[in-house]
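Read the structure below first, then the notes.
Residue numbers (the numbering used here): 22 to 221.
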C-alpha cells in the first residue's frame, strides 16, 4: 500500500500530524478519521464533538508544538466534519470519502470502514432499526463486513455470502459512498416521518 492521496493543504497538515509522534500512538489515520466522521454525521442520534473528538486520539491527550498547531489540527478535523455534513445534506453527488490508494491505484477502503464502524459503536443500540429493515440493512452490512475483515472480527449480525463480498469489494469505494448517503437519508427521512406523525 502507498500513502499517495491528493489532499487540500489543511488536510495534508492534519495527515502529517496524525502520522507524527505528537499524535497518540493509537490515533486514527486520515482515512479512518474520515470514515469515523461520516459515521458520526450519519448517526441516528446526535454525537457532540466533546464526545467523539477524544475517540480520534483513542482516549489519550494529543500534544502540539504550539497553540497554533493545535488550532490547525482541530480546525482541520472540524472543517472536514462540516464538509462531509454539507455534502451529505446538500450535495450527495459531490460526497467523496478519503481512501488511501494501493500501489496499483486501487482504493484501500479498510481503514475508512473501521472508522465508520467505530462511530456506529458510539450509538450501537440506536442503529438497530437499520439492521431490522431489509432495505436499509444492505447499506450498513457491507461497511461492517469490510471493517470486520480488517480487524479480524466478524459480527454475526453482518454476514453475506462470500460471492457477494467479492462483488462488493470490486467497487467498494463507490459502494461505501453510496451506503453512507443512503444511511444518512434513512435517518433523516425517519426523523421527518416521526415529526409528521406528531399531533399538532
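Note that CB positions come from ideal geometry on N, CA and C, so glycine has one too.
In this text, all values refer to a predicted model and were calculated from it rather than measured experimentally.
Query                                                                                                                                                                           : Result
Excluding the 5 residues preceding and the 5 following residue 221 in the sequence, name in chain order all residues of the same chain whose CB lies nearer than 6 Å to its CB. : Confidence in residue 221 is poor, its pLDDT being 48 and thus under 50, which makes the residue's placement too unreliable to answer from.
How about residue 222 and residue 62: do their beta carbons lie closer than 8 Å?                                                                                                : This structure does not reach residue 222, given that the chain is present from 22 up to 221, and the question cannot be answered.
My output table needs one value for residue 128: the three-state DSSP class, helix, strand or coil.                                                                             : strand
Among 45, 79, 57, which one has its Cα closest to the Cα of residue 137?                                                                                                        : 57
Compute the Euclidean distance between the alpha carbons of residue 210 and residue 110, then round it to the nearest angstrom.                                                 : 12 Å
Could you give the residue range of the alpha helix (DSSP H) that holds residue 150?                                                                                            : 149–153
Would you kindly check if the distance between the Cβ of residue 148 and the Cβ of residue 197 is under 8 Å?                                                                    : no
Would residue 83 and residue 44 qualify as a contact pair, given that the criterion is a beta-carbon distance under 8 Å?                                                        : yes
For residue 116, report the span of its alpha helix (DSSP H) as first-last.                                                                                                     : Looking at the DSSP string, residue 116 is not in any alpha helix (DSSP H), and its letter there is neither H nor E.
So residue 192 is in the alpha helix (DSSP H); what residue range does that whole segment cover?                                                                                : Segment: none, residue 192 is in no alpha helix (DSSP H) and carries neither H nor E.
Put residue 122 into one of helix, strand or coil per three-state DSSP.                                                                                                         : strand
So residue 108 packs on residue 115, CB below 8 Å; how close in whole Å?                                                                                                        : 5 Å
With H, G and I counted as helix, E and B as strand and the rest as coil, what does DSSP make of residue 137?                                                                   : helix
For my contact list, residue 48 and residue 77 are in at a C-beta cut-off of 8 Å; report their separation, rounded to the angstrom.                                             : 6 Å
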